[in-house]
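Basically the numbering used here = 1-based index in the sequence shown + 457. Beta carbons are placed, not taken as given, at the ideal position from N, Cα and C, and that holds for glycine. Small disclaimer: the values here were computed from a predicted structure and weren't measured.
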Amino acid sequence: MDSSVLSRRKRRRSRNFNIIEKEVLCKLILPFNDIIRSKSADKESKELRRRTWNEIFQNFQRIMNYRSERTLDQIKIYWKNQLSKNKTQIRNKKARPLSSNNFMSQALANFNNSYQKYGSFKGSNNNCDTMVSHPPCKYQNFSNRPSEIRNSIDAVVQGVSNSNESLGADYRRIIEMLMDVNRTIDFYNLKLAQA
């Protein structure tokens, strides 16, 4: 093809990452955060980062049952943008940098803030009473076991990371349910801590 023909083609903007893609990426990327954010420029470090990103991408595709249209470059750009947003917020609030333990909480807070403006969350705009709609009653039996739920989510993601099989639709629904319950439990734990 002629280069003039290629330059005339319109580029489409890819669709936004949905909340499930974002949470799965957080769960997959955070264990490798030190490797990905390493500033080392030697050959071994670059190769390790490249292999790590490929592993994250392959696990992401497995969890999404190979139906995701995401490319490795899109995932890298998304993560770079999230880090940039977090750094900007820290700078603007003059807060101290987050420890690696609090990084996940900050990333999820950013996701909540981005979805709040689209009306998918209930509550005020000051992030104090913002939460996902309460799950149906069938989930209430999990409310007193937050650590089990978190471990279940981690186990499912870890199991997919270690297996060569794609994750079926039933497992994806289970992950979605566990993530909804996990968000609700985090909200109530925050309210209890503030009380």
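Each residue's CA atom was taken as its position, placing ASP491 and THR509 some 11 Å apart. Taking 9 Å as the cut-off, the Cβ atoms of ILE477 and MET636 count as close.
Distance from ILE534 to VAL481 at the Cβ level is roughly 17 Å; contact not present, criterion being Cβ atoms closer than 8 Å. Where TYR535 is concerned, the enclosing alpha helix (DSSP H) starts and stops at 529 to 550. Here DSSP, grouped into helix, strand and coil, assigns ARG640 to helix.
Here the alpha carbons of SER525 and LEU487 stand approximately 20 Å from one another. The continuous alpha helix (DSSP H) containing GLU478 extends over residues 476 to 486. In the same chain as LEU529, and ignoring 5 residues on each side of it, the C-beta atoms closer than 8 Å to its own belong to TRP510, ASN511, PHE514, in chain order. Within the same chain, no residue comes within 7 Å of ASN538 by CB-CB distance, once the 5 residues on both sides are set aside. The beta carbons of PHE489 and ARG527 sit no closer together than 9 Å. If you look at ASN516, you'll find it in the alpha helix (DSSP H) that goes 500 to 520. In this structure, the beta-carbon distance from PHE517 to ILE532 falls below 9 Å.
According to the DSSP assignment, ASN490 belongs to the alpha helix (DSSP H) that extends over 490 to 493.
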